[in-house]
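Chains as they are written, first to last, in the working numbering: chain G, 1 to 499; chain P, 500 to 647.
Here's the structure, in structure tokens; my notes come after.
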Amino acid sequence: MDVISNLGLGFAVALTLQNTAYCFIGVLLGTVIGVLPGIGPVTTIAMLLPISFTLQPEAALIMLAGIYYGAQYGGSTTAILVNIPGEASSVVTTIDGHQMARQGRAGPALGIAALGSFFAGCVATLLIALAAPPLASIALQFGPAEYFSLMVCGLIAAVVLARGSLLKAVAMVVLGLLLGLVGTDVNSGARRFNFGMTGLADGIEFVAISMAIYGIAEVVYNLEKQQATGVVAGAVGRVWPSLADIKQCAGSILRGTALGAILGVLPGGGALLASFAAYALEKKVASEPRQFGNGDIRGVAAPESANNAGAQSSFIPMLTLGIPGNPTMAMMIGALMIHGIAPGPRVMTDRPGLFWGLIASMWLGNLMLVILNLPMVGVWVRLLRVPYRLLYPAIIAFCCIGAYTINNKPFDAFVMAFFAVFGYIALKLDCEPAPLILGFVLGPMMEENLRRALLISRGDPMVFLQEPISLAFLLVAAGLLVVIAAPAIRVGREEALRE
Amino acid sequence: MKICAPKDFWSGVMFCGFAAVATFAARGYSLGSAGKMGPGYFPLLLAGLLAVLGGALIARSVVLSGEPLSRFHVLPLASIAAGVCLFGVLIEPSGLVVSLAVLTLMAALSGGRFRLVETLALAAALIVFSVGVFVYALGLPLNIWPSL
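Right, dumping it as structure tokens:
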């Protein structure tokens, strides 16, 4: 079996002392930032991108990936014990999880969250191993027209699934695409949008813009909000859930995992959407839905399994197509590019050690997370006592050091300050930054593929409709736009995405 | 004409502003043709699209009602943005210690009540951590002290 020999290779890479150590650092950091509200995986990965430059690409990606799925574990801990979602994807966990904690069942809630996440993590790892090779081999046959339409489809889907106004989200995508074009045009050598500044000759630094928006602008935005102080629940007690609990949850974990894995693959999906959808589904299928909201263990098991499955399966489009579905995946693409690896279907064939090592490390990381989270829950909760006023200057300082060291260019600090102001204004105007970041990453690739497709067709735009795969992508994109414009579904979407 | 949705209106204005700046900056770029695109083709396409979207937001804001704008907290934003810029100015001539101290001070100024001792302790801790991790452990090429 190919899968087994591939996974064997992966484990050989992941289990080296160095990579295991970086995997551990990743999940540990992920747990910490997952517990802390106000700092998420995107910010953390952005802050660590410059550091990852000094590592081997395998170690760098393994560590950065660990931060993302590690944050899903950490987020649930705060959600259950303190009623504060450490991460956005743990928002629904607070509903039943904190009720359970109030009823003195914090232990089983934490236990089932960890077990569900672990199960989902194992399934998602296997899914990536099975689904990635065929997908990558299909993607290898894509021409520029197919790629362009795929990106259009991906961006539209990401926008449709995002929160807030559709019009604003599309505008943010377009603005992101434009910002991505700043710098020297690879085809003509013309310098575009540099406004007379030599610092912009190579374009806007990805690390600077993402840290500005996800690090600094978020800090300023958080400073305005009143700090919510939750009540830490009493003793956690026995963490291991009873046999009856596990029996009750088995179905929820399975459904949550399946739903999360599917939603994670979609552009715009990932952990956040998966957890909301899984909770809604559990409420629908449960025989006595009134239990939900009053500390039903199924209301913890399903979204926690789903967010972990979604976090991991969102690696599939990133690894096989080179297309990021959410901002975290955009960061991973950034990490690949820092190491000079072109993201896309060739990564698997050209760098099998990196590809399979990353997948194997996810399983390893999930195992570490169960061990880290269950016995050491008390340690993580104590982290919440660190006040935000001590935390945010540190975030800003690491962002500055990161922005500077990526190219040793002081100019990038100014770029960061500019986009921090922009990001704050955008947040104030309810313009979600995620579509902008996706557009920014895809901008140059989109122009390149549009250019090549039209060069081949001698300027005939019908080429996008004549190629069947390209047509299919565009039809899906158009369908999504029509569907979202229909009022009935719009209401449902708002309900599903409401916090 | 009354603006019923200020958030939509101002986002529309912002997007139109970006579109205008992009169009103005791209005025010298050659367009080429669809089959042989010049450097100006795709950017102008996007700028046009952005202007249409911004215009739609403005048009919608006078018809549909929306949320009011919440207050902009200019001071914390300005102080942090200025701190980041100062970091850029200071990092090469003055080194990590000075620039981090200035940055921490500027950042702490922006968050409510200012506590001097705490801020100094925090700056010291950040400096020790950064020098230890970034300069010694990771070997990043950063000046620690001012270069004379």
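Think of the CB as a built atom: it goes at the ideal place given N, C-alpha and C, for glycine as much as any other residue.
Because the structure is a prediction, the values reported are computed rather than measured.
- Contacts with chain G at 8 Å (Cβ-Cβ) do not include Ile502(P).
- Every unbroken stretch of the alpha helix (DSSP H) spanning 4 or more residues and falling wholly within the stretch 288 to 320 of chain G is given here in chain order: 298 to 313.
- The same chain holds no residue with a CB closer than 7 Å to that of Arg385(G) once the five nearest residues on each side in sequence are set aside.
- The alpha-carbon of Ala12(G) is positioned some 36 Å away from that of Arg382(G).
- Contact with chain P is found for Asn408(G), since one of that chain's Cβ atoms lies less than 8 Å from the residue's Cβ.
- Boundaries of the alpha helix (DSSP H) harbouring Cys249(G): Leu243 to Val265, taken from the DSSP string.
- Following the DSSP letters along the chain, one finds Gln18(G) inside the alpha helix (DSSP H) bounded by residues Leu17 to Val35.
- In this structure, Ala271(G) sits away from Ala120(G), with a CB-CB distance that is not shorter than 8 Å.
- Inclusion of Leu259(G) and Ala217(G) in the CB contact set at 8 Å is not warranted, their separation being larger than that value.
- Note that the stretch 554 to 571 of chain P does not touch the stretch 614 to 624 of chain P; fewer than 3 beta-carbon pairs, one per stretch, sit closer than 8 Å.
- For Ser137(G), the uninterrupted alpha helix (DSSP H) segment begins and ends at Ala106 to Leu140.
- Note on Gln99(G): 16 or more other CB atoms within 10 angstroms of its CB, so buried under the neighbour-count rule.
- Between Leu480(G) and Val265(G) the beta-carbon gap is near 15 Å, outside 8 Å, which marks them as no contact.
- Within the same chain, Ile67 come within 6 Å of Leu29(G) by CB-CB distance, once the 5 residues on both sides are set aside.
- Interface flag for Arg385(G) against chain P is unset, since no Cβ pair is found closer than 8 Å.
- By the rule that beta-carbons nearer than 8 Å mark a contact, Ser314(G) does not touch chain P.
- Look at Thr93(G) here: in three-state DSSP terms it is helix.
- The alpha-carbon separation between Pro352(G) and Leu552(P) amounts to approximately 43 Å.
- Bridge pairing for Arg191(G): Thr184(G) [DSSP].
- Relative to the Cα of Met318(G), the nearest Cα in the group Leu336(G), Glu304(G), Pro303(G) and Ala301(G) belongs to Leu336(G).
- Scanning chain G for C-beta atoms nearer than 7 Å to the C-beta of Pro640(P) yields Asn408, reported in chain order.
- Proximity of Gly537(P) to chain G, defined by a Cβ-Cβ separation below 8 Å, is satisfied.
- Straight through space, the alpha carbons of Gly256(G) and Phe195(G) are spaced by roughly 50 Å.
- Cβ proximity to chain P below 7 Å picks out Leu167, Lys168, Val170, Ala171, Val174, Leu175, Leu177, Leu178 and Leu181 from the stretch 166 to 184 of chain G.
- Taken in chain order, the members of the stretch 429 to 451 of chain G whose beta-carbon sits within less than 9 Å of a beta-carbon on chain P are Leu429, Asp430, Cys431, Gly443, Met446, Glu447, Leu450 and Arg451.
- Using a Cβ-Cβ cut-off of 7 Å, Val476(G) is close to nothing in chain P; its nearest Cβ partner there is about 20 Å away.
- Listed along the chain, the chain G residues whose CB falls inside 7 Å of the CB of Trp509(P) are Leu429.
- Cβ neighbours of Ala525(P) within its own chain (closer than 6 Å, five residues either side excluded): Gly539, Pro542 and Leu543.
- In this structure the stretch 203 to 216 of chain G touches the stretch 396 to 415 of chain G; the number of beta carbon pairs closer than 8 Å is three or more.
- Pairing Ala157(G) with Ala477(G), the inter-Cα distance amounts to about 7 Å.
- Shown here, Met416(G) sits in a helix according to DSSP, grouped into three states.
- For Met151(G), the CB contacts under 6 Å within the same chain, skipping 5 residues up- and downstream, are Leu442 and Met446 in chain order.
- By the rule that beta-carbons nearer than 8 Å mark a contact, Ile579(P) touches chain G.
- Taking a C-beta cut-off of 8 Å against chain P, the contacting residues of the stretch 189 to 205 of chain G are Ala190, Arg192, Phe193 and Phe195, listed in chain order.
- The beta carbon of Arg238(G) sits closer than 6 Å to the beta carbons of Gly107 from its chain, once the five residues preceding and following it are set aside; these are given in chain order.
- Sequence-distant Cβ neighbours of Ala212(G) in its own chain, meaning closer than 7 Å and more than five residues away, are Met416, Phe419, Ala420 and Gly423.
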